[in-house]
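Novice: First residue of the sequence shown: 721, per the numbering used here; consecutive thereafter. C-beta: ideal position from N, C-alpha, C; glycine also. Sharing a structure below in structure tokens format, with a few things to ask.
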Amino acid sequence: MKLKSLILSLSLTVVAGGLYALCYPSIFGDGWFPLLFLALPFFLWRLEVAPNVKSTLLHILAYNLGLNLVGYYWIPHTLREFGQLPWIISVLLGLLFSLILQPHWWLYAVWKRWRPDFQWYSQKGILITAFVMTIMERYFPQQFPSYAGSPWLNLAPYLGLAPILGVVAFSFMTYWVSLETFTQLALKKFRPQVWIALVAFVALNAISPLKDTLSDKTLPVRVVQANIGNFLKVSSEKGDENSYQSINKKYLDLSTVQNGFNPELIVWPETAYPNAFVGERTRLDFIFQDIMNITKAEMLVGGYDQDPTKSPFDFMETVFNSSVLMSDNKFKVAYHKNILIPFGETLPFGPFNRQIISIVPAVSLFARGEGTPLMETRTGYRFVTPICYEILESNYMRGLLNQWKETRFIVNHTNDSWYGDTAEPYQHLFLSKWRALEFQLPIVRSTNTGITSVIFPDGSESKRLEIGTEGTLDVNVPMGTGLSTPYQEYGVFPVVGIFLVLMLVTWFLERRKD
């Protein structure tokens, strides 16, 4: 590929990455779903016709750069806010995130180089390629998990297959249609199979729209959004008494507000309480006793849980990012976050972590949680409490829910204050909605600075507490049925079965044609 042609191709691929980012919430709006089938076909075309490994890697980098600049433009702001880094260093580090935003494409480049010798542009070849892309996207770790099928959320509630097949089926259909689109244009040959499948797929989703309520049982929940600024929050965690008292007063006033609503569960966001709990040894602070005595409610608080086997004076992986359930003035149980965010909650540098943390003290080094304790309200409703980006990991959420059956709702604690008034909180909320669809459970989304809301199983929402507002969200949350969805039970296996059936049908049609 000549230099001028290569530069043009890479420039257009950057644009394609930017257009793909616009399928999600951004500074330009809530997300434009049709752009998915413009941006992705172009990128996959350039990926497949790249003449060598170097060209393939350059096009992947160009695509991720466009995605980064348009979709993840908020990363430098977060790095500066979180790490107190100079502006220019934050921008440069933000650009480097282009290398890891969608790392499964690097793996795909390796597969493309060594894949079996077949005509990738044949109908069977395209099915195999779409399936490989889907599986790599699904299981290769991402810093900010999203899937090619995620923009289909814009069609909710007409996504009846979501609880049956999960977002993985929408990714597979997206890759298949995208690959066939540019192939048919390049070959100037119409192949009806994929379009028949697409029409059938859309029709099956549309004829069984999702419902916002699946049960007549409700749980009165109060979600507190205290809108605590980062400076005040960090000061309280470092022991500043004035900051600590200011935060406590705000949470006390909001949790006990008298407005005629009688909550049975009060929820605070991720790391809301600045002092560390000590597991079952914890003696509850007076603020929790006061709130529970006044409201008669249970409390679910995002906070820190000290590992009792380690020194409280050490900062190296001795504290868990936790969700703590309290009832009847007692510590009941705590969930410890399992998936830690690299460079935010953990570092991958082993023995050098201690030196790095002394230079960039804003980075936390949490201990990694293991397992999932049983969370259950006094009234017998079971729930799970993924923290922050854990809810974006579809496969992880399956495992979380399958450890304890008969789950009735999900609580997602998060703290998006580090992102400011950017698109990130909207993107985070958008992607979280897929878990409500896949598992047919309401999600109580509790944030420090917004966006706080309750997500219903059809993708709709309650009233929101927007970014930068202080208040409480009081909702009678309709409980789930407690039954597992087909997707929760079987995961990707139905999609694997569909892929094998499509391969068999394609093989049969090709033999019949011959």
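Hey, quick one: how far does the beta strand (DSSP E) through G814 stretch, first residue to last?
Specialist: No beta strand (DSSP E) holds G814; the alpha helix (DSSP H) holding it covers W807 to L816.
Novice: Just to check my reading of the structure: L930 and L1157 have Cβ atoms closer than 8 Å, yes? What is that Cβ distance to the nearest angstrom?
Specialist: Contact flag correct, Cβ pair sits at about 6 Å.
Novice: Pick helix, strand or coil for A876, following the three-state DSSP scheme.
Specialist: Looking at A876 - three-state DSSP - the assignment turns out to be coil, as it is neither helix nor strand.
Novice: Taking its Cβ as the centre, do 16 or more other Cβ atoms sit within 10 Å of A923, making it buried, or is it exposed?
Specialist: Exposed is the call here.
Novice: Who are the near neighbours of L952 in its chain, counting only those whose CB is closer than 8 Å to its CB and skipping five residues on each side?
Specialist: Closer than 8 Å at Cβ, skipping near neighbours: S963, S966 and I967.
Novice: On the CB-based measure, 16 or more other CB atoms within 10 Å of its CB, does G1100 come out buried or exposed?
Specialist: It counts as exposed.
Novice: Let me confirm a value: E1090 is counted as buried when at least 16 other C-beta atoms fall within 10 Å, else exposed. Which label applies?
Specialist: Classification of E1090: exposed, given that the 10 Å Cβ count is below 16.
Novice: Looking at C-alpha atoms only, which residue of L1151, L847, W1138 and A920 is the closest neighbour of N1168?
Specialist: Among L1151, L847, W1138 and A920, the Cα nearest to that of N1168 belongs to W1138.
Novice: For S818, count neighbouring C-beta atoms within 10 Å of its own C-beta (all shown protein chains included) and say buried if the count is 16 or more, exposed if not.
Specialist: That one is buried.
Novice: Helix, strand or coil: how does DSSP classify E801 here?
Specialist: E801 falls in the helix class under three-state DSSP.
Novice: So L1222 packs on L847, CB below 8 Å; how close in whole Å?
Specialist: Indeed, because the Cβ distance is near 6 Å, the residues count as touching under 8 Å.
Novice: Can you give me the Cβ contacts of E1144 inside the same chain, cut-off strictly under 7 Å, excluding the 5 residues immediately before and after it?
Specialist: Within the same chain, E1144 has close Cβ partners W794 and D1136.
Novice: Going by DSSP, what residue range makes up the alpha helix (DSSP H) through Y783?
Specialist: Element bounds for Y783: V773 to G791.
Novice: Does the count of Cβ pairs from the segment 1179–1193 and the segment 993–1011 closer than 8 Å reach three?
Specialist: No contact exists between the segment 1179–1193 and the segment 993–1011.
Novice: For Q822, name the three-state secondary structure that DSSP assigns.
Specialist: Of the three classes helix, strand and coil, the one that applies to Q822 here is coil, per DSSP.
Novice: Determine the burial state of E1018: buried for a count of at least 16 other Cβ atoms within 10 Å of its Cβ, exposed for fewer.
Specialist: Answer is buried; the Cβ neighbour count reaches 16.
Novice: Within the continuous alpha helix (DSSP H) that includes L1161, where are the two ends?
Specialist: That residue, L1161, is in no alpha helix (DSSP H); it is neither H nor E in DSSP.
Novice: What number of angstroms, rounded off, separates the C-alpha of H1056 from the C-alpha of F757?
Specialist: Taking the straight line from one Cα to the other gives about 39 Å.
Novice: Using a threshold of 8 Å, is the CB atom of K937 nearer than that to any non-hydrogen atom of the ligand SAM?
Specialist: This structure lacks the ligand SAM, and indeed carries no ligand of any kind.
Novice: Can you give me the C-alpha to C-alpha distance between I808 and H797, rounded to a whole angstrom?
Specialist: If you take the alpha carbons of I808 and H797, they lie about 11 Å apart.
Novice: Can you name the residues that DSSP bridges to F997?
Specialist: Paired residues: D1025.
Novice: Roughly how many angstroms lie between the CA atoms of G898 and N995, to the nearest whole one?
Specialist: Note that residue 898 is Ser in the sequence shown here, rather than Gly. Approximately 50 Å between the Cα atoms of the pair.
Novice: Between the segment 984–1004 and the segment 938–948, are three or more C-beta pairs nearer than 8 Å?
Specialist: Yes, they touch.
Novice: Take I1175 and list the residues in its own chain whose beta-carbon comes closer than 7 Å to its own, dropping the five residues that flank it on each side.
Specialist: Same-chain partners within the cutoff: S1152, K1153, A1156, P1162, I1163, R1165 and E1181.
Novice: Three or more C-beta pairs under 8 Å: does that hold for the segment 1122–1131 against the segment 853–868?
Specialist: No: fewer than three Cβ pairs fall under 8 Å.
Novice: Would you identify the three-state DSSP class for A701, choosing helix, strand or coil?
Specialist: Residue 701 falls outside the range modelled here, since the chain spans only 721 to 1234, and no answer is possible.
Novice: Decide if N1013 is buried, meaning its Cβ has at least 16 other Cβ atoms within 10 Å, or exposed.
Specialist: It counts as exposed.
Novice: Note down, in chain order, each residue of its chain lying with its Cβ closer than 6 Å to the Cβ of V998, except the 5 sequence neighbours on either side.
Specialist: Taken in chain order, the residues that qualify are Q1026 and P1028.
Novice: Which runs of the alpha helix (DSSP H) fall wholly inside the segment 1088–1133 and span at least 4 residues, in chain order?
Specialist: With a minimum length of 4 residues, the continuous alpha helix (DSSP H) runs that stay inside the segment 1088–1133 are 1114–1123.
Novice: Ends of the alpha helix (DSSP H) at D750?
Specialist: Run containing D750: none; DSSP gives neither H nor E here.
Novice: What is the rounded straight-line gap between the Cα of M1046 and the Cα of S956?
Specialist: Near 22 Å, if we compare the C-alpha coordinates of S956 and M1046.
Novice: Does any residue of chain B have a CB that is nearer than 9 Å to the CB of Y1024?
Specialist: This model lacks chain B altogether; it includes just one protein chain.
Novice: Below 6 Å CB to CB, which residues in the same chain sit around S842 once its five sequence neighbours on both sides are set aside?
Specialist: Excluding positions up to five away in sequence, the list is empty.
Novice: Given Y867, which residues of its chain have a CB within under 7 Å of its CB, disregarding the five upstream and five downstream residues?
Specialist: Hits under 7 Å: E857, V887 and S891.
Novice: DSSP puts R942 in a beta bridge; with which residues?
Specialist: R942 pairs with I986 and D1194.
Novice: Name the DSSP bridge partner or partners of L1050?
Specialist: In the sequence under discussion, the amino acid at residue 1050 is Lys, which differs from the Leu named in the question. In DSSP, K1050 forms a bridge with S1047.
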